[in-house]
Amino acid sequence: MTEFVEVKTSDLTGAALDWAVAKAEGLPALIYPSEPPYIYIDLPGRGCGPYHPSHNWSQGGPLIESEELTVEPSAWDWNGACVLWRAHQEGESAYFEHTNLLVAAMRAIAHAKLGDTVSVPKELLS
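Structure follows, in structure tokens:
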């Protein structure tokens, strides 16, 4: 039986974040037991495949649109390049910042639908 651990949404990364987003979106998240483990989804009639919205734009990008997230630069380096992104969902008071835009956005989705903390499978935490 899988052991679950409570994690702050703002601390989620990697497979744990991908798992939380799948749960937030109502998708059947499965854990592929590799090293490190990763998430995949199996949708009847559509097939099975890896699910990495926190670093795959073809999966995370559409979620940013469908969830109507606001994502904006939050900090810049001396050359004017964005080094920190901020994301939040309309109607939510919480903002999530990260150097990776997709990570910030996926944390905002997980928070909006699952709350301040999420129970994730312990094996997904590195």
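Numbering follows the numbering used here, in which position 103 of the sequence shown is assigned residue number 89; successive positions increment by one, without gaps. Beta carbons are placed, not taken as given, at the ideal position from N, Cα and C, and that holds for glycine.
For L3, which residues from the same chain have a beta carbon less than 6 Å from its beta carbon, with the 5 sequence-adjacent residues on both sides left out?
For the purposes of this step, residue 3 is taken as residue 17 along the sequence shown, with counting starting at 1. Cβ within range, chain order: S40, M92.
W43 burial status per 10 Å Cβ neighbour count (16 or more: buried):
Counting from 1 along the sequence shown, the entry for residue 43 is found at position 57. It is exposed - the Cβ of W43 has fewer than 16 other Cβ atoms within 10 Å.
Just checking, does the stretch 60 to 74 make contact with the stretch 12 to 19 on the three C-beta pairs under 8 Å criterion?
No: fewer than three Cβ pairs fall under 8 Å.
Is DSSP giving W43 helix, strand or coil here?
Position 57 of the sequence shown, counted from the start, is the residue given in the question as residue 43. Helix at W43.
Work out the CA separation of F(-10) and P36 for me, nearest whole Å.
As a position in the sequence shown, residue 36 is number 50, starting the count at 1. As a position in the sequence shown, residue -10 is number 4, starting the count at 1. F(-10) has its alpha-carbon roughly 21 Å from the corresponding atom of P36.
In angstroms with no decimal places, state the Cα-to-Cα distance between A96 and H84.
Within the sequence shown, the letter at position 110 stands for residue 96. Within the sequence shown, the letter at position 98 stands for residue 84. Put simply, the backbone Cα of A96 is about 14 Å away from that of H84.
For A96, the first and last residue of its enclosing alpha helix (DSSP H)
Here residue 96 is taken as the residue at index 110 of the sequence shown, counted from 1. Residues 87 to 100.
Can you pull the DSSP bridge partners for V104?
On the sequence shown, residue 104 is found 118 positions in, with the first residue counted as 1. Its beta-bridge partners are V(-7).
Can you tell me where the beta strand (DSSP E) with G35 in it begins and where it stops?
Locating residue 35 in the sequence shown gives position 49, counting from the first residue. Note, G35: beta strand (DSSP E), 33 to 36.
Could you pull the DSSP bridge partners for Y26 from this structure?
Taking the sequence shown and counting its residues from 1, the one referred to as residue 26 is at position 40. Paired residues: L16, P36.
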